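S.K.: Protein chains in written order, with my numbering: chain A, 241 to 287; chain B, 83 to 331.
Glycine included, C-beta positions come from ideal geometry on N, C-alpha and C.
Remember, it's a predicted structure, so these values are computed and weren't measured experimentally.
Right, dumping it as structure tokens:
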């Protein structure tokens, strides 16, 4: 039995999970900061 | 004041923590990527195949660090939960709940890679053996902590409930660790312990590098998640307005 597909699957699955876990908070924080900045600008323009 | 005590006092302040973590993150990620690259090179190209497992031993360089991290993170969560419950330190609550998805990710990796290693080595993807089952219970405990936290609207109440579950769930950690000694399992015993290792240095080094990379990954990912959670919870506070003005993305 060739072990290569099992090794590749293990490394690929780990890469996907680790990349998701590392990048999702960064993306969410950027979008939250963008939203907060837009709200602040809106409030500043009102006053 | 003693500088170490002063440092811990400062860490309790969300604005200070947010900025300090922001400065630390690039260093953590750089170290993590460099060490992981060295570990992966040794694991995939420089280390020899095992005399029994053959090439499938290369999965161990992911599986073992992930399994260790899954237990270590839960242990940290239990300690942070205890501190959060006793001393009501908010940053500990934030760190606890930010740790849960990272711990769940490592547990999932340990289970999936173990399963992919088991097929060519044991002839099966899964057996209801004590080590595998207790690790699966750990994954459910992580999900439980996250679900319980999400069930409350008020973050401090949610954190208290999650802390309690984290502490109670820690009873599973010695079960996972000693399962291979207490029960007759298919899973082999430990090859690395505090008293030494039975692994050849050509295989031990990539394993240790991957373990260090795993710890750095946890630190980096934890700080990223904690910063996000602090921003979400304090979005109406003045320090967040200052952060927006400083343009710290």
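Span of the alpha helix (DSSP H) holding residue 324(B)?
M.R.: Taking the first residue of the second chain as position 1, residue 324(B) is located at position 242. 320-328 is the extent of the alpha helix (DSSP H) around residue 324(B).
S.K.: Going along chain B, which residues have a C-beta under 8 Å from residue 258(A)?
M.R.: On the first chain, residue 258(A) is found 18 positions in, with the first residue counted as 1. Ordered by position in chain B, the residues that pass the 8 Å Cβ test against residue 258(A) are 187, 191 and 299.
S.K.: What residues of chain A sit near residue 183(B), judged by a beta carbon separation below 8 Å?
M.R.: By 1-based counting over the second chain, the position of residue 183(B) is 101. The answer, in chain order, is 261.
S.K.: In chain order, what residues of the same chain have a beta carbon less than 7 Å from the beta carbon of residue 140(B), not counting five sequence neighbours either side?
M.R.: Counting from 1 along the second chain, the entry for residue 140(B) is found at position 58. Counting only Cβ-Cβ distances below 7 Å, and skipping sequence neighbours, we find 125 and 126.
S.K.: Less than 8 Å between the CB atoms is what I'm expecting for residue 110(B) and residue 269(A), so what's the real figure, rounded?
M.R.: Numbered from 1 along the second chain, position 28 holds the residue referred to as residue 110(B). Numbered from 1 along the first chain, position 29 holds the residue referred to as residue 269(A). With a Cβ gap of about 16 Å, residue 110(B) and residue 269(A) do not count as contacting.
S.K.: Could you spell out where the alpha helix (DSSP H) holding residue 232(B) opens and where it closes?
M.R.: Counting from one through the second chain, the residue named residue 232(B) turns up at place 150. Here the alpha helix (DSSP H) through residue 232(B) covers 212-232.
S.K.: Buried or exposed: residue 207(B), going by 16 or more other Cβ atoms within 10 Å of its Cβ?
M.R.: For the purposes of this step, residue 207(B) is taken as residue 125 along the second chain, with counting starting at 1. Looking at its Cβ environment, which holds fewer than 16 other Cβ atoms inside 10 Å, residue 207(B) is exposed.
S.K.: How many Å lie between residue 261(A) and residue 259(B) at the Cα?
M.R.: The sequence position of residue 261(A) within the first chain is 21, counting from 1. The sequence position of residue 259(B) within the second chain is 177, counting from 1. If I take the Cα positions, the gap works out to 25 Å.
S.K.: Against residue 252(A), what residues of chain B qualify as contacts under a CB-to-CB distance less than 7 Å, listed in chain order?
M.R.: What you label residue 252(A) is simply residue 12 of the first chain in a count that begins at 1. Ordered by position in chain B, no residue passes the 7 Å Cβ test against residue 252(A), which lies about 10 Å from the chain.
S.K.: Just to confirm before moving on: does the CB-CB distance between residue 143(B) and residue 121(B) stay below 8 Å?
M.R.: Reading the second chain from its first residue, position 61 is the one you call residue 143(B). Reading the second chain from its first residue, position 39 is the one you call residue 121(B). Yes, they are a contact pair.
S.K.: Inspect the beta-carbon positions of residue 254(A) and residue 203(B) and report whether they are closer than 8 Å.
M.R.: Here residue 254(A) corresponds to residue number 14 of the first chain, with the count starting at 1. Here residue 203(B) corresponds to residue number 121 of the second chain, with the count starting at 1. No, these two residues do not count as a Cβ contact at 8 Å.
S.K.: With DSSP as the reference, label residue 121(B) as helix, strand or coil.
M.R.: Residue 121(B) sits at position 39 when you count from the first residue of the second chain. Residue 121(B): helix per DSSP, three-state reduction.
S.K.: Assuming residue 152(B) and residue 192(B) form a contact by the criterion Cβ under 8 Å, report the distance between their Cβ atoms to the nearest whole angstrom.
M.R.: Stepping through the second chain from its first residue, residue 152(B) is reached at position 70. Stepping through the second chain from its first residue, residue 192(B) is reached at position 110. Yes, they are in contact, since the Cβ atoms of residue 152(B) and residue 192(B) sit about 5 Å apart, within 8 Å.
S.K.: How big is the Cα-Cα spacing for residue 330(B) and residue 318(B)?
M.R.: Position 248 of the second chain, counted from the first residue, corresponds to residue 330(B). Position 236 of the second chain, counted from the first residue, corresponds to residue 318(B). Only weak support exists for where residue 330(B) lies, its pLDDT of 49 falling under 50; the value from the coordinates is given anyway. Going by the C-alpha atoms only, they are around 17 Å apart.
S.K.: Take residue 200(B) as the anchor and find which of 249(B), 145(B), 186(B) and 174(B) has the nearest alpha-carbon.
M.R.: Looking up residue 200(B) in the second chain gives position 118. Out of 249(B), 145(B), 186(B) and 174(B), 145(B) has the C-alpha closest to the C-alpha of residue 200(B).
S.K.: Is the Cβ of residue 104(B) closer than 8 Å to any Cβ of chain A?
M.R.: Locating residue 104(B) in the second chain gives position 22, counting from the first residue. Residue 104(B) does not count as touching chain A.
S.K.: So that I know if they touch, is there some Cβ in chain A lying closer than 8 Å to that of residue 194(B)?
M.R.: As a working note, residue 194(B) is residue 112 in the second chain. So yes, residue 194(B) belongs to the interface.
S.K.: Which chain A residues are close to residue 288(B), counting only those with a beta carbon under 7 Å from its beta carbon?
M.R.: The residue given as residue 288(B) occupies position 206 in the second chain. Simply none; closest approach about 13 Å.
S.K.: What is the DSSP secondary structure of residue 331(B), counted as helix, strand or coil?
M.R.: Against the second chain, residue 331(B) aligns to sequence position 249. Low confidence applies to residue 331(B): its pLDDT is 48, below 50, so where it sits in the model is not reliable, and the reading given next is rough at best. The answer is coil: DSSP assigns residue 331(B) none of H, G, I, E or B.
S.K.: Given that a residue counts as buried once 16 or more other Cβ atoms are within 10 Å of its Cβ, and exposed if not, what is residue 307(B)?
M.R.: Counting from 1 along the second chain, the entry for residue 307(B) is found at position 225. Buried, because 16 or more other Cβ atoms sit within 10 Å of the Cβ of residue 307(B).
S.K.: When the distance is taken between beta carbons, is residue 227(B) closer than 8 Å to residue 248(B)?
M.R.: The residue given as residue 248(B) occupies position 166 in the second chain. The residue given as residue 227(B) occupies position 145 in the second chain. Yes, the pair counts as a contact, with Cβ atoms nearer than the cut-off.
S.K.: Are there 16 or more other CB atoms within 10 angstroms of the CB of residue 285(B), so buried, or fewer, so exposed?
M.R.: Here residue 285(B) refers to the residue found at position 203 when the second chain is read from its first residue. The residue is buried, with at least 16 neighbouring Cβ atoms inside 10 Å.
S.K.: What would DSSP say about residue 316(B), mapped onto helix, strand or coil?
M.R.: Taking the second chain and counting its residues from 1, the one referred to as residue 316(B) is at position 234. Three-state DSSP puts residue 316(B) in coil, outside helix and strand.
S.K.: Select from 324(B), 148(B), 87(B) and 173(B) the residue whose C-alpha is nearest the C-alpha of residue 95(B).
M.R.: Against the second chain, residue 95(B) aligns to sequence position 13. Of the candidates 324(B), 148(B), 87(B) and 173(B), the one whose C-alpha sits nearest the C-alpha of residue 95(B) is 173(B).
S.K.: In chain order, what residues of the same chain have a beta carbon less than 8 Å from the beta carbon of residue 313(B), not counting five sequence neighbours either side?
M.R.: Here residue 313(B) is taken as the residue at index 231 of the second chain, counted from 1. The residues are 100, 322 and 325.
S.K.: Is the CB of residue 286(A) under 8 Å away from at least one CB in chain B?
M.R.: By one-based count along the first chain, residue 286(A) stands at place 46. It does not; no Cβ of chain B falls within 8 Å.
S.K.: Can you grab the Cα-Cα spacing for the pair residue 273(B) / residue 197(B), in whole Å?
M.R.: Walking along the second chain from the start, residue 273(B) turns up at place 191. Walking along the second chain from the start, residue 197(B) turns up at place 115. If you take the alpha carbons of residue 273(B) and residue 197(B), they lie about 19 Å apart.
S.K.: Should residue 178(B) and residue 244(B) be called a contact, given that it needs their Cβ atoms to be closer than 8 Å?
M.R.: Looking up residue 178(B) in the second chain gives position 96. Looking up residue 244(B) in the second chain gives position 162. The answer is yes: Cβ separation under 8 Å.
S.K.: If I'm right that residue 298(B) touches residue 113(B) with Cβ under 8 Å, what's the distance once you round it to whole angstroms?
M.R.: Counting from 1 along the second chain, the entry for residue 298(B) is found at position 216. Counting from 1 along the second chain, the entry for residue 113(B) is found at position 31. Yes, they are in contact, since the Cβ atoms of residue 298(B) and residue 113(B) sit about 5 Å apart, within 8 Å.
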